[in-house]
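Residue numbers (my numbering), protein chains in the order written: chain S, 1 to 161; chain C, 162 to 322.
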DNA sequence: CTTGCTATGTTATAGTATTCCATATACGGG
DNA sequence: CCCGTATATGGAATACTATAACATAGCAAG
Ligand SMILES: [Zn+2]
Ligand SMILES: [Zn+2]
Ligand SMILES: [Zn+2]
Ligand SMILES: [Zn+2]
């Protein structure tokens with residue numbers, strides 16, 4: 001057991017399960033879970049925190065993959081499009097999803113001190129926005145919910161400000 | 162009456178009221194509502210939609226203010242910090258607040274076709290995130306809630322996709 | 001007036017993302 | 001198997017977003 005995100009869990013099996021799930025999903029949907037795509041997903045699973053496109057690009061380059069921005073952005077677009085990875089707007093960064101292969105509305109808690117990102121569900125938020133949207137005649141397709149604050153570990157250190 | 166955002170309202174008086182409120186707030190808090198700050202706020206009030214920092218910078222430059230990025234970013238930072246303006250993370254853009262001088266948790270509905278932005282309240286969302294945050298020991302300081310979808314006007318045009 | 005703080009302005013640079021074109025690989029029909 | 005087509009990868013160039021660092025100007029308290 002190691003601590004990742006803001007709670008502890010068995011990360012080794014967590015990674016293996018999600019890789020398998022992603023592979024299965026791609027097979028089932030005639031999508032190509034290619035080497036770069038797999039590798040980027042692995043990198044994000046290993047880090048278990050938000051990484052910028054250029055962080056990922058640097059690793060790809062070091063491993064012999066393409067070295068130009070589109071390589072990272074295309075791969076991330078694919079992973080985001082199919083729900084394996086989420087983009088964190090506030091950080092211009094990406095995290096592996098903790099609920100692979102299920103459509104959902106994620107919400108994130110972002111520590112402003114250590115940049116740790118924890119994913120949770122935002123379905124309630126969509127529900128609450130619903131009335132306002134209905135009144136305005138606005139058709140919600142996707143929600144971005146990101147809470148900024150201080151994680152328990154950083155707060156324990158009393159670094160808060 | 163003209164239609165702005167996603168509902169109709171009297172925009173002329175809306176602008177005047179908010180300018181006056183901002184001016185009053187600055188007086189009360191020993192803040193300087195200087196020419197650039199006032200002008201940027203006016204620009205955002207006039208547009209009543211999200212503008213990027215460089216859009217604003219271009220107008221400032223045309224009017225004889227400074228022409229370099231920091232001019233726009235500093236001014237926007239001031240307006241955001243004091244709640245006159247909100248940043249839309251999803252668009253890297255800024256909109257005038259519709260509830261000046263009151264602390265609040267805004268939520269936004271963003272039309273992906275015309276980029277119109279409507280502000281509403283996100284307090285419920287904070288409430289719904291609360292349980293997850295408490296369980297994780299995460300201290301929420303600010304929330305970003307942005308719904309992406311299609312506004313009534315764009316949907317009426319049947320352009321949706 | 002002088003001192004210190006705030007605000008404005010500029011240059012330069014850093015960080016993020018997309019457009020466009022070329023090559024390569026996978027896939028299905030013949 | 002071969003070919004045509006769609007998809008995937010690689011890269012050059014460029015656009016867009018944002019900050020760091022420094023200089024000058026305005027203002028207010030002492
Ligand atoms: Zn998820
Ligand atoms: Zn932290
Ligand atoms: Zn507001
Ligand atoms: Zn629209």
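Using N, Cα and C, we set each Cβ at its ideal position, and we do this for glycine too.
Residue range of the beta strand (DSSP E) that residue i falls in?
| i | result |
| --- | --- |
| residue 71 (chain S) | It is not in any beta strand (DSSP E) - residue 71 (chain S) instead sits in the alpha helix (DSSP H) that spans 69-81. |
| residue 300 (chain C) | 300-311 |
| residue 108 (chain S) | 106-111 |
| residue 42 (chain S) | Run containing residue 42 (chain S): none in the beta strand (DSSP E); it sits in the alpha helix (DSSP H), 35-47. |
| residue 361 (chain C) | It is not possible to answer for residue 361 (chain C), since the shown part of chain C is limited to 162 through 322. |
If we cut at 8 Å on Cβ distances, does residue i have a partner in chain C?
| i | result |
| --- | --- |
| residue 7 (chain S) | yes |
| residue 143 (chain S) | yes |
| residue 134 (chain S) | no |
| residue 90 (chain S) | yes |
Between the Cα of residue i and the Cα atoms of the options, which residue gives the shortest distance?
| i | options | result |
| --- | --- | --- |
| residue 271 (chain C) | C:303, C:254, C:263, C:318 | C:254 |
| residue 155 (chain S) | S:113, S:7, S:49 | S:113 |
| residue 233 (chain C) | C:197, C:256, C:257 | C:197 |
| residue 16 (chain S) | S:49, S:96, S:157 | S:96 |
| residue 266 (chain C) | C:199, C:313, C:227, C:282 | C:282 |
| residue 102 (chain S) | S:115, S:135, S:80, S:131 | S:80 |
Does residue i get closer than 8 Å to chain S when you measure Cβ to Cβ?
| i | result |
| --- | --- |
| residue 108 (chain C) | No answer is possible for residue 108 (chain C): it lies beyond the span of chain C, which begins at 162 and ends at 322. |
| residue 281 (chain C) | yes |
| residue 299 (chain C) | yes |
| residue 323 (chain C) | Residue 323 (chain C) lies beyond the range of chain C shown here (162 to 322); nothing can be said about it. |
| residue 203 (chain C) | no |
| residue 308 (chain C) | yes |
| residue 316 (chain C) | yes |
| residue 268 (chain C) | yes |
| residue 263 (chain C) | no |
Would you mind reading off the limits of the alpha helix (DSSP H) that contains residue i?
| i | result |
| --- | --- |
| residue 175 (chain C) | 172-189 |
| residue 106 (chain C) | As displayed, chain C neither begins before 162 nor continues past 322, which places residue 106 (chain C) out of reach and without an answer. |
| residue 53 (chain S) | 53-62 |
Three or more C-beta pairs under 8 Å: does that hold for the region 292-308 of chain C against the region 133-152 of chain S? yes
If you pair each beta-carbon of the region 200-209 of chain C with each one of the region 242-256 of chain C, do three or more pairs fall below 8 Å? Touching, yes, given that three or more Cβ pairs across the two stretches are closer than 8 Å.
Quick check: the region 24-32 of chain S against the region 54-61 of chain S, are there 3 or more CB pairs under 8 Å? no
So which residues put a beta carbon under 7 Å from any heavy atom of ligand 2, going in chain order? S:111, S:113, S:114, S:116, S:150, S:151, S:153, S:154
Taking a cut-off of 5 Å, which residues have a beta-carbon closer than that to any heavy atom of ligand 3, in chain order? C:258, C:260, C:267
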